[in-house]
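Everything on this sheet refers to the single structure shown next.
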Amino acid sequence: MIPYGRQYIDEEDIKALLEVLKSDFITQGPRIQEFERVLADYCGAKYAVAFNSGTSALYCAYKSLGLGEKDQFITSPITFTATVSAGVMLGAEPVFCDIEPDTGNMDINLLQSLITDRTKLIVPVHYAGHPVDMEKVWEVAQKYGLYVVEDACHAPGSKYKGYKTGSCRFSHAAIFSFHPVKHITTG
Numbered sequence: 046m047i048p049y050g051r052q053y054i055d056e057e058d059i060k061a062l063l064e065v066l067k068s069d070f071i072t073q074g075p076r077i078q079e080f081e082r083v084l085a086d087y088c089g090a091k092y093a094v095a096f097n098s099g100t101s102a103l104y105c106a107y108k109s110l111g112l113g114e115k116d117q118f119i120t121s122p123i124t125f126t127a128t129v130s131a132g133v134m135l136g137a138e139p140v141f142c143d144i145e146p147d148t149g150n151m152d153i154n155l156l157q158s159l160i161t162d163r164t165k166l167i168v169p170v171h172y173a174g175h176p177v178d179m180e181k182v183w184e185v186a187q188k189y190g191l192y193v194v195e196d197a198c199h200a201p202g203s204k205y206k207g208y209k210t211g212s213c214r215f216s217h218a219a220i221f222s223f224h225p226v227k228h229i230t231t232g
């Protein structure tokens with residue numbers, strides 16, 4: 046059988062996990078707070094909030110920005126299903142922006158042509174470590190009064206114009222995933 050993912054887990058990782066399992070805080074608690082603080086500092090963001098999954102984080106980000114019935118959101122067709130399903134669960138309709146062949150990211154030159162009076166949100170996906178041209182996405186969003194949520198699950202540590210993905214310099218929120226098949230896993 047071909048494994049779904051391969052992780053590097055050393056003795057230090059196992060020791061840290063056992064410390065948590067033997068503590069009073071298997072969920073929440075000081076380790077999660079430390080993780081959130083370290084992640085926010087690393088990205089240059091004001092805050093970071095840990096969720097049980099990237100899907101839950103996307104759902105909550107979309108909902109907090111008011112995405113709902115009859116709304117549309119624009120995203121890339123090259124993404125994990127959660128980017129789309131989180132919006133569909135809220136009753137919104139996904140609109141796919143074709144990609145640039147060199148990066149696999151949404152083609153910003155096509156973005157404005159997809160905006161309608163129902164568009165509420167743009168969800169650029171930083172694919173395979175390549176950041177989307179976020180300044181242009183932000184300019185389009187500002188012009189039309191739209192929200193921006195970065196799907197940064199495939200680009201932790203990548204930089205755009207000196208800002209790390211997830212900094213929210215050109216977005217209202219950003220999502221990372223630490224699923225075992227992502228760049229970095231936390232279990």
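Heads up: the sequence shown begins at 46 in our numbering, then just goes up one per residue. No residue lacks a Cβ here, since even glycine has one placed at the ideal position from N, Cα and C.
{"Asked": "In whole angstroms, what is the alpha-carbon distance linking residue 161 and residue 207?", "Found": "32 Å"}
{"Asked": "Run through DSSP, which three-state label would residue 215 get?", "Found": "coil"}
{"Asked": "From what residue to what residue does the alpha helix (DSSP H) around residue 83 run?", "Found": "74-88"}
{"Asked": "Please state whether the Cβ-Cβ distance between residue 194 and residue 156 is less than 8 Å.", "Found": "no"}
{"Asked": "Please classify residue 209: is it buried, with 16 or more other beta-carbons within 10 angstroms of its beta-carbon, or exposed?", "Found": "buried"}
{"Asked": "Distance, Cα to Cα, residue 149 vs residue 105?", "Found": "26 Å"}
{"Asked": "When you compare each of 141, 215, 102 and 176 to residue 159 by their alpha carbons, which one comes out closest?", "Found": "141"}
{"Asked": "Counting C-beta neighbours from all protein chains within 10 Å, is the total for residue 75 16 or more, i.e. buried, or is it exposed?", "Found": "exposed"}
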